[in-house]
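**Student:** There's a structure below that I have some questions on.
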Amino acid sequence: MKRAGAIQMVAIVVLSVGALAAVIFTNTSPLLGLDLQGGISVVLEPYVDGKPAEDVSDEQVEQAIAIIRSRVDALGVSEPEISSQGNNILIQLPGIDDQERALELVGRTAQLEFRPVLSSTPVVPPDPKREAELRKELKIPEGKSAADIQQEELDARGLDAAGQSTTPEQGATPEGPATTAASAATTAPPATTAAPATAVPAQGFAGAKADKRLPGQETPTTAAPTTAPPPTEAPPTTAFVPQNAEGIDVTSQAFGELLQLEQAELTNPDELGAKKDVDVTLLAKDGKERYTLGPVLLTGDALSGASAGLDAQGQWQVGPTFRGGKDGIDKFNQAATLCYNGDPLCPPNAQDSTSGAPRGQLAIVLDGEVLTAPSINEATFDKDQISISGSFAEQEAKDVATALRFGALPLELRPSQTQTVTATLGQGALRAVIIAGLIGLGIVAIYFIAYYRLLGIVAFISLALSGSLLWVIISLLGATLTLAGLVGIVVSIGVSLDSNVVFYEHLKEDVLHGQSLRLAGEKSFPAAFSTIVKADMSSLIGAAVLYLLTAGSVRGFALYLGLSVALDLVASYFFMRPAVAYLTRSKLGEKRSRFGIPVLYTPAELAEERGPGVPLVPEVEPTPAMATSDRGTL
Amino acid sequence: MSTHGRIYRGQIDFDFPRINRRLLIMSGVLILISLGALFTRGLNLSVDFVGGTVWEVPSDTLTQDEATAVLADADVAAGSKVQVVTDANNVRIVRVQSDLTNQKASAKVTAELAKAGDVKVTDVETNFVGPTWGKTVTRQAAKAFVIFLVLVSVFITARLEWRMAVGAITALLHDVIITLGMYALFQFDVTPPTVIAVLTILGYSLYDTIVVFDRSQENQARYTKTGHYTFITLSRRSLNQVFMRTMNTTITALMPVIAMLVIGAGFYGQATLSEFSIALLIGLVAGAYSSIVIATTLLEWLKEREPQFVKIRQRIIDRGGDPDDTRWVEYSKRRSAAKLPQASVRHEGTVAAGNRAAERADLYERPHPPRPRKKSKR
C-alpha cells in the first residue's frame with residue numbers, strides 16, 4: 001500500500017514532467033485562437049429561399065465544409081479551422097486580416113453562372129446625397145421618381161411606355177424611352193422567362209438594344225443609333241415645354257443625371273436564384289462596370305476545375321476545365337458558338353483580338369457579381385484547352401480560378417457572424433490574461449503556504465502537475481487556445497485547489513478530534529475523495545453538456561474546464577494522497593504546525609475555552625500510547 | 001481567543017440555521033431587486049445578441065463627431081454608439097457600435113472609418129453579427145442550462161437525495177437571478193463571455209453546495225439513529241464543520257478572478273476580461289453564500305418534515321428538552337440534560353480530574369457511546 005503510493009507518486013511526476021518536456025522539445029503547442037493572435041472568424045448559416053434553413057442534412061454541411069476547406073487552402077492560410085456547429089459552419093482563419101477577400105472566397109454561396117452580356121455601361125455609383133440634392137433642385141415631389149415624371153411627360157405627349165424612337169420628341173429626350181425599356185428588360189415579363197434558351201426572346205432583346213442607347217455608354221452598338229447625343233450636347237430645348245403635372249423639364253441635364261442615379265439600382269443578388277431565366281443587371285466585381293446580362297446559359301456544375309497561370313506573353317490567365325459530354329463542354333460550346341457569332345442572344349460587344357470581328361461576351365457570375373466577362377474568340381473549344389486572358393493581376397487570376405474551381409456550394413450560406421481581430425489587440429489580451437493569471441497564482445500560493453504550510457506546497461506541486469498534463473493534452477489535441485479557454489484555465493486554478501482544501505480541512509478536523517497526524521494522513525483521504533468526486537461530477541456534467549450543446553467560445557471554455565477538473569481528480573488521487581501520506585509519516589510529521597494544524601491549547605487557553613456551551617477539543621497532545629488507542633476506536 | 005483563531009482551529013459554533021433564516025430576508029430583497037431590474041431596465045445585451053457591427057479604430061485623430069458623421073453618411077445612425085477608449089499600450093481606440101447587419105454596407109463603413117481615422121483598413125477590427133446569431137447562441141445556452149439542471153438533479157438524487165437536489169437547484173437559480181439582476185441593475189454589457197461566466201458560476205455554486213450536503217449526509221447517517229438531534233442541529237454542525245473549507249475555497253477561487261479584474265481589466269484595459277471577471281466575482285460570492293444560506297435552509301425545512309425527524313423532535317419535547325436549541329452537545333450529555341437543568345450540564349462538561357476515561361469519551365466525538373470493554377481495557 002505504502003509502496004504502491006510511492007510508485008504512483010513517482011509515476012505521475014515522471015509522466016507529467018516527461019510529457020511536458022517532450023511537448024516542449026518537439027515544439028508542439030496549442031494553437032492560439034483568433035482572439036489571441038488576430039485573424040478572421042466567420043460563422044456561416046445555411047439559407048433556403050432567403051430564409052434561415054431549419055433542415056439541412058449533415059451530408060450537405062460536410063460537403064460545404066469540404067469545399068470551403070479547399071477554398072481556404074487556396075487562400076494559403078496556415079492552420080485554418082473549419083468545423084460544423086449544428087447547421088452552422090464556423091471558419092477561423094488566423095493571421096488573415098483582409099476580411100473582405102477572405103469572406104468572398106469562403107463565405108460566398110458562390111452559385112456560379114455563365115450569362116451572356118447584353119450590354120455594359122460604366123457604373124454610376126449610387127449617391128443618395130446627390131440624388132436628394134437633384135430632387136430638391138428639380139422640385140420633384142416626395143414619393144415620385146424621375147422615371148415616373150418622365151413617364152408622365154411621355155403619356156402627356158401621347159406615347160406609350162415602349163415609345164418608339166421614331167417620334168420627334170424622342171430626339172429631344174434621348175434617355176427617355178431607353179430607360180423605360182431598360183427597366184422592362186430587367187423585369188422581363190413572364191413570356192420571356194418561359195422562352196427556351198435557344199429561342200430569341202424578342203422583348204428581352206429589344207430591351208437590351210434599348211439599353212444600349214443609354215447616355216454615357218462606351219461600347220459601340222449595332223442595333224441602336226450609334227451616336228445618341230449625350231445630355232450635355234443635347235439638341236436645343238427651346239421647343240420644349242414641359243407637359244407633366246410638375247412642370248419639370250425632362251430634357252435638362254440635371255434630370256438626366258437624376259435618372260442615371262436612380263438606375264444605379266441593381267438586381268438584388270439574393271433574388272438571383274429565382275431569376276435564372278430572365279435578364280439581370282449586375283455589377284462587375286471591381287464595381288466599375290454595370291452589366292445587363294441575359295438568362296443563364298450554363299452553371300458552375302459544368303466545370304471540373306480551373307487553374308491560374310502565366311501565358312506565353314507572361315500575362316496572368318485563367319484556364320477553366322470543363323466536364324466532358326452533354327452537361328459539360330457541349331453546353332459551354334453552345335454558349336460559345338452563340339457569342340462567337342454575335343447571336344442576338346449574346347450580342348456582339350467586343351472585338352476579336354486578332355480579326356477585329358465583333359464578338360459576344362460571356363459573363364462569369366459568382367454570387368451576384370460579374371467576375372469577368374471574356375469575349376469569345378472561337379466557336380468551339382476543347383474541354384481543357386480554354387484560357388481566359390485579360391489584364392488580370394496575379395491575385396485576380398488566382399481568385400477567379402479558385403472561384404471557378406469551387407464554384408457551387410450545396411447550400412446557400414450567409415455569414416451570421418464575422419469577426420476580425422487585429423494581432424496587436426489579441427496579443428494585449430494574451431499578455432493581460434497571463435500576467436493576471438500569474439499574479440493570481442502567486443497570491444493564492446502565498447495564502448496556501450501561509451495557511452497549510454507543507455500541505456500548501458503539496459497542493460502547488462499537485463497543481464503544477466495537473467497544469468502540465470493539461471498543457472500536454474491540449475497541445476497533443478491541437479486544440480485552439482482562446483481567450484475564453486485561457487480564462488477557464490485561470491479560473492480552474494481555484495477549482496483545482498478546492499479539492500486540496502477539502503482534503504486538508506478533513507485531515508485537520510480528524511487530527512483535532514484526536515487522531516494522530518500519521519494516521520489521519522492516510523485515513524482521511526477516502527472520505528474526502530468521495531466528497532471531491534461528487535462535487536467534481538457536477539462540474540464534469542456541466543462541462544460535458546456545454547461542450548456538446550454550445551458553440552464557439554463557450555465550447556472552448558467547457559473543454560478546458562472539463563479537462564482541468566478531470567486532471568485535478570487524477571492529480572489528487574495519484575499525487576496528493578501518497579504525498580500527504582508520505583509527509584505525515586516522515587519526521588516532518590512530528591510537528592503539526594508544519595501542516596498548518598494548530599498546536600493544541602495551553603492550559604490558560606483551555607480554561608478560557610471551557611466557557612459555557614462551547615464544544616470541546618482535546619487538550620493534550622496525544623502520546624504514542626493514546627495514539628494507539630485512538631487507532632482502536634476510530 | 002480571537003474568532004479567527006477559533007475558525008482556524010475548527011471550533012466555531014455559529015448558529016447558522018438562525019442566522020440563515022434572517023439572511024433569507026436579505027436574499028428575498030436582493031431577488032426582488034434583481035427581478036425588478038430585469039423587468040424594468042432589462043439586460044444590456046451586446047451586439048453579439050441583437051446583431052450589428054462593431055468597429056474598433058486605432059486612431060489618434062478620429063473624433064467622436066467624425067465617426068458619427070461616417071455612420072450618418074452610411075445611414076446607420078440609429079442604434080449606434082461611439083466610444084473612445086485607451087488600451088494598455090496607450091493606443092487610443094475609437095469603438096463604434098451600430099445595428100448594421102448588412103455585410104456589404106459594413107465593409108464600406110470600415111473603409112470610411114479607416115479613411116476618416118487615417119489608418120489602414122486592416123488595422124480596423126470589425127465584429128459583425130448577423131441578426132440570427134444571438135438567437136442561436138441564446139437558444140443553445142438555454143437548452144444546455146435546462147439539460148444541465150435535469151442531469152445534475154438526477155445525479156444529486158442518486159448520490160445524495162432528492163431533497164438535496166431541490167436545495168442545490170434552488171441555490172443555483174438564486175445565484176443566476178442575482179447575477180443577472182446585478183447586470184440589469186448596473187447595465188453592464190451582457191456578452192458571450194458573460195454567458196460563460198454565468199455558466200461557471202453554476203459549477204462553483206454546485207460544488208460548494210455538494211460539499212456542504214455531503215457532510216450533512218454523513219452526519220445524518222451517523223447521528224440520526226441516536227434519536228437526539230433534530231436535523232437543524234445536524235445541519236448547524238455540518239455547516240460549522242465545512243465553514244472553513246467554504247471560506248478557503250471561495251478565497252482561493254476569488255483571488256485569480258480579482259487579479260484578472262484588477263490587472264487584466266483595470267490595468268490592461270481588456271474589456272473582455274472585465275466582462276468575465278465581474279460576473280465571476282458576483283457569482284462566486286453569491287455561490288458560496290447560497291450554498292450555506294439558501295441550499296441548507298431549504299434542506300432543513302424539507303428534512304424537518306420527514307417522519308424520522310418529526311419523531312425525534314417530538315421525543316425531545318416529550319423529555320422536556322428544547323428542540324430549537326441547536327448547539328452541538330454530545331448526546332450522552334443531552335441524555336443527562338433531559339434530567340438536569342441546562343446550567344449544570346455545562347458545568348458537567350468541564351469536570352476535571354477523576355474519571356478521566358469517561359471524560360475523554362465525552363470530549364472526543366463519537367457516533368455511539370464508548371463501549372464498556374474499552375474502559376476495562378484501559
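Residue numbers (UniProt numbering), protein chains in the order written: chain L, 1 to 634; chain A, 1 to 378. All residues carry an ideal CB built from backbone N, CA and C; glycine is no exception.
#1: Tell me where the beta strand (DSSP E) around T251(L) begins and ends.
#2: Is it the case that the Cβ atoms of A67(A) and L113(A) are separated by a distance below 8 Å?
#3: Can you give the Cα-Cα distance for G36(A) and K225(A), rounded to whole angstroms?
#4: Quick check on the DSSP output: the beta strand (DSSP E) that includes R222(A) runs from which residue to which?
#5: In angstroms with no decimal places, state the Cα-to-Cα distance between V142(L) and A254(L).
#6: For a quick check, are the C-beta atoms of G556(L) and G494(L) less than 8 Å apart?
#7: Start and end of the beta strand (DSSP E) containing T296(A)?
#8: E306(A) versus chain L: which residues are under 7 Å apart at the beta carbon?
#9: Report the rounded CA-to-CA distance for V57(A) versus I93(A), giving the unit in angstroms.
#10: Between S416(L) and chain A, is there a C-beta pair that is closer than 8 Å?
#11: Taking C-alpha atoms, which residue in L469(L), A312(L), N333(L), Q8(L) lies nearest to F322(L)?
#12: If we count Cβ pairs, one from each stretch, closer than 8 Å, do we get three or more for the stretch 302 to 314 of chain A versus the stretch 269 to 283 of chain A?
#13: Hey, is Q220(A)'s beta-carbon within less than 8 Å of any beta-carbon in chain L?
#14: Using a Cβ cut-off of 7 Å, which residues of the stretch 190 to 212 of chain A contact any Cβ in chain L, in chain order?
#15: Would V61(L) and I89(L) qualify as a contact pair, given that the criterion is a beta-carbon distance under 8 Å?
#16: With C-beta atoms as the reference, is R359(L) less than 8 Å away from I376(L)?
#17: Can you give me the Cβ contacts of R215(A) inside the same chain, cut-off strictly under 6 Å, excluding the 5 residues immediately before and after it?
#18: Label A185(L) either buried or exposed according to how many other C-beta atoms from any shown protein chain fall within 10 Å of its C-beta, with 16 as the threshold for buried.
#19: Rounded to whole angstroms, what is the Cα-Cα separation between V318(L) and L44(L)?
#20: Less than 8 Å between the beta carbons of N44(A) and T296(A), yes or no?
#21: Looking at the strands, I want to know which residues DSSP matches up with V82(A).
#22: Report the rounded CA-to-CA distance for A445(L) versus T249(A), giving the unit in angstroms.
#23: For chain L, check one thing: does any of its Cβ atoms lie closer than 8 Å to the Cβ of E161(A)?
#24: Which ranges would you report for the beta strand (DSSP E) in the UniProt domain "SecDF P1 head subdomain" (286 to 410) of chain L if only whole runs of at least 3 residues count?
#25: Can you give the Cα-Cα distance for L118(L) and G368(L), rounded to whole angstroms?
#26: How is T13(A) classed by DSSP in three states: helix, strand or coil?
#27: On the DSSP letters alone, give me the boundaries of the beta strand (DSSP E) that T482(L) sits inside.
#28: Within its chain, find whatever has a CB closer than 7 Å to the CB of E300(A); leave out the 5 residues flanking it on each side and keep chain order.
#29: By alpha-carbon positions, which one of A335(L), T420(L), L404(L), L303(L) ends up nearest to G324(L)?
#30: Determine the burial state of W316(L): buried for a count of at least 16 other Cβ atoms within 10 Å of its Cβ, exposed for fewer.
#31: For S84(L), write down the residues that DSSP places opposite it in a beta bridge.
#32: For chain L, check one thing: does any of its Cβ atoms lie closer than 8 Å to the Cβ of P256(A)?
#33: Residues of chain A with CB closer than 8 Å to the CB of I67(L), please, in chain order.
#34: Check the Cβ-Cβ distances between D99(A) and every residue of chain L, and say whether any is below 8 Å.
#35: Taking R592(L) as the reference, which of K139(L), G514(L), C346(L) has the closest Cα?
#36: Note down, in chain order, each residue of its chain lying with its Cβ closer than 8 Å to the Cβ of A581(L), except the 5 sequence neighbours on either side.
**Tutor:** Quick answer:
#1: No beta strand (DSSP E) holds T251(L); DSSP gives it neither H nor E.
#2: yes
#3: 46 Å
#4: Careful: R222(A) lies outside any beta strand (DSSP E), inside the alpha helix (DSSP H) at 192 to 223.
#5: Residue 142(L) is actually Glu in this sequence, not Val. C-alpha separation (whole angstroms): 17 Å.
#6: no
#7: Looking at the DSSP string, T296(A) is not in any beta strand (DSSP E); the run it does join, the alpha helix (DSSP H), is 296 to 303.
#8: Within chain L, no residue comes near E306(A); the closest Cβ sits about 21 Å away, beyond 7 Å.
#9: 5 Å
#10: yes
#11: N333(L)
#12: no
#13: no
#14: P192, P193, V195, I196, L199, T200, L202, G203, L206, Y207, I210, V211
#15: yes
#16: yes
#17: S238, Q241, V242
#18: At A185(L), the pLDDT of 36 sits below 50, so the modelled position is not reliable and the matter cannot be decided from this model.
#19: 28 Å
#20: no
#21: V96(A)
#22: 13 Å
#23: no
#24: 289 to 293, 303 to 310, 316 to 322, 348 to 351, 358 to 360, 362 to 366, 369 to 372, 388 to 392
#25: 16 Å
#26: Residue identity differs from the one stated: residue 13(A) is Asp in this sequence, not Thr. DSSP places D13(A) in coil when its eight states are reduced to three.
#27: Counting along the chain, T482(L) falls outside any beta strand (DSSP E), and DSSP gives it neither H nor E.
#28: P17, F231, I232, S235
#29: L303(L)
#30: buried
#31: I89(L)
#32: yes
#33: Those do not exist, as I67(L) stays about 20 Å from chain A at its closest Cβ, beyond 8 Å.
#34: no
#35: G514(L)
#36: K2, G5, G521, E522, F525
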